[in-house]
Each structure stands twice: as C-alpha cells, then as structure tokens.
Amino acid sequence: MGDQGVPSEVCDELVKSACLDGREAGFKPMTAGFSNYVWSASWEERALVVKCFTDLVLLRVELHAVGVIDQLASQCGVGPRIHSCCHLGMVMDFLPGRTLEEADVHCGNFKLLDSIAQQLHFFHRQETPKAAEGEPMLWRTMDKVLQVVETHGLALPSLPLAEVRAEIAAAQDALQKLQPKVVCAHGDLKPSNVIENEGGVWLIDFELGGPNYRGFDWMKLFRRAEGFSQPDMDHFLQSYAACGEEPCDLASMKKETLAFEPLTWLEAFVFFLALPQYKPEDTPKWRRLAEHRWEMYLQTRHRLL
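Numbering (my numbering), first residue to last: 138 to 442.
Here is the structure:
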C-alpha cells in the first residue's frame, strides 16, 4: 500500500468500534495495559493496531498532550506510523516482530543493544512538541498521581504521604545538584516497549513521553529487581555515546544512569498506590506491588541520596 494513509473517517470508526466492543467488531485483543486496551485490526489488507485509552491515561498526562509524543515518534520513524489520534484512542500500523523481555537486554546481545541505543539517541535529539513542554515528566506525573492518592485516601497505612512527598523533594534537590541532561524522552522505556524485527528495533507506547531525564530512560531499560548486567549496560551507554559528538565518559554516564534507579522504583510505587481508585477489584494486588516498589526504592536510595 506504499505510503497511503488510512482515511480519518475510517480511523474514527475503528476507534469507536474498538472502544465499544472490540470483539464484537471482529478485532483481536493484543494486550491490556494499565492505561489502554490494544486490538489488532485491518483495513484493505493493511494490518493495523487500534489502541483505546482508559481514564488511567489522564492519571499521569494532561488531555491536550495525550498521543503527542507517539505522533512525534511516528514522524521521525522511531515508532509505528500513527494514522489518527484523539482523546479516545489512536490507530497505527502494526509492527511485525517480537516484543522484548527483560532477559533480552542482560544476555550479551550487543547488536540488539546497539540498535536500541541508536534509535533512542535519535529520538532524544528531537524537539519536544509545545503541547508537552514543561518540567520533567518524572515530577509532573508523580505530582498528578499523588493528588489522586491524597484525595481518595489511598496511602499505605504504614507510610504517611508526607514521608513520600519528602522523599520526592529530596530527590529533586539531589538531581538539581547533579544537573542531568533533559531531553525529549520516552518516559517508560522498559524492554516490553521495544519491538525487534530482522535486526532493527522500534519503540512503542510513548504515553509518558515528553521532556525528561535521559538517564531515566537508560535506567528504565535495564532496571529489574534481581539486578542488571553491568557489561550490557556499559556497552549500551558506549553505543549511545558513539551516536553523538560528545566523547564517551563511561564513568560519568554510569553515575548518571544509576542515580535514577531509585526513581524508577519510586515512580512505580506512586502509580500503584493510585490504582485501587481505577481498578478496585484488584486492590490487594496493587497494594503488594506498591509495597514491593517501595522496598526496592529503599534498597537503591543510596545511589542518589
């Protein structure tokens, strides 16, 4: 089909049908994320993905900025081609390939790490769209989520919200002293948001994208509870640096990356605190996940504070 796009009226109907009942419309479910439902569909033999947003999208992102970074990734070729985006959802091309797992970035597959580093570096060079401008998304999203937690009394009984806010404030002060680089970032670069196909990679799911610390993206790719592979992280950082003009100071880049390890856990902790408001049927599960993320934050806190 070449570069022919999907007509807007077709996209509108696809999103409407998927959001009402994707199965009844003949779509096949792909994944059900925290903030959206994803369906596979087609139009004139073109394989498509229809993503339906839920109320959880607005938990961390302002309405006017929903989908803005996905569209940027589409335009620069880092992510799937977006045909349509509105407050209900988006329609995009289906990307063939394999969704990465955590083990993929800890197993010495340097060619794969090179591909991810190149795509990420290219994306980090893009200018942040005006709709997404502001302070780093890390602070914006946690602040929005904490407002929900406070309003609905969702804090853990053993952990006063004032203590959580104090930790966030201390982290902000610590990062202010380090002055890590802020770029147009992905915001949630876990391996499952990378698709590999025939040696190349695409990045997907940019809902939390916008101005953010590049080190947060680096760390989110490698962060896991059982620890990460230092050789793999080192290779990735060296490959990332090789894409630019600045010399590779590996020690400095590692320090920058590791400073964000506790914040990847703290951000997730805050998010899971709020989930009972949106998915109350799984409240015990969200509580367990929140407690685990807080424990991991405390274990890694020394890397920043």
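We treat Cβ as the ideally placed atom computed from N, Cα and C, and that holds for glycine. These numbers come from a predicted model, not from an experiment.
For the structure I just gave you, are there three or more beta carbon pairs, one from the segment 218-228 and one from the segment 201-210, closer than 8 Å? yes
Please name the residue or residues paired with E333 in a DSSP beta bridge. R235 and V338
Within its chain, find whatever has a CB closer than 7 Å to the CB of A268; leave out the 5 residues flanking it on each side and keep chain order. H201, A202 and V205
With three or more beta-carbon pairs closer than 8 Å as the criterion, would you say the segment 384-397 touches the segment 364-374? yes
Would you list the one or two residues that DSSP bridges to A322? G347
Is the closest heavy atom of the ligand GDP to the C-beta of L358 under 7 Å? Among the ligands in the structure shown, none appear at all, so the ligand GDP cannot be discussed.
Distance, Cα to Cα, L283 vs H261? 28 Å
The segment 239-259 contacting the segment 350-359, beta-carbon criterion three pairs below 8 Å: yes
Can you tell me the Cα-Cα spacing of M138 and E146, whole angstroms? Because M138 sits at a pLDDT of 40, beneath the cut-off of 50, its placement in the model cannot be relied upon, and the point is left open.
Given a cut-off of 8 Å on the beta-carbon distance, is the pair L340 and V215 in contact? yes
Distance, A411 Cα to V285 Cα: 6 Å
Cβ neighbour criterion (16 or more within 10 Å) applied to S179: exposed
Considering Cα atoms alone, identify which of A303, P233 and M370 is closest to S177. P233
Are at least three pairs of beta-carbons, each pair with one atom in the segment 414-427 and one in the segment 299-309, less than 8 Å apart? no
Would you kindly report the start and end of the unbroken beta strand (DSSP E) that includes H220? I219 to C222
Considering only the beta carbon of each residue, do H289 and Q367 sit closer than 8 Å? no
How is the alpha helix (DSSP H) around C156 delimited, first residue to last? S145 to D158
Once DSSP output is grouped into helix, strand and coil, what is the label at T278? helix
Report all residues from its chain with a CB closer than 6 Å to the CB of D325; omit the five preceding and five following residues, and keep chain order. L345
To which residues of the same chain is L157 closer than 8 Å at the C-beta, ignoring the five residues directly before and after it? none
Close-in-space but distant-in-sequence residues of the same chain around G352 (CB under 7 Å, 5 per side omitted): P317, E393, T394, A396 and F397
Is it the case that the Cβ atoms of L441 and A362 are separated by a distance below 8 Å? no
Would you mind sorting E404 into buried or exposed? The rule is 16 or more other CB atoms within 10 Å of its CB. buried
Taking only the alpha-carbon atoms, compute the straight-line gap between M279 and L195 and give it to the nearest angstrom. 12 Å
Are L185 and V152 touching if we call contact CB-CB under 8 Å? no
Assigned exposure category for D354 - 16 Cβ within 10 Å defines buried: buried
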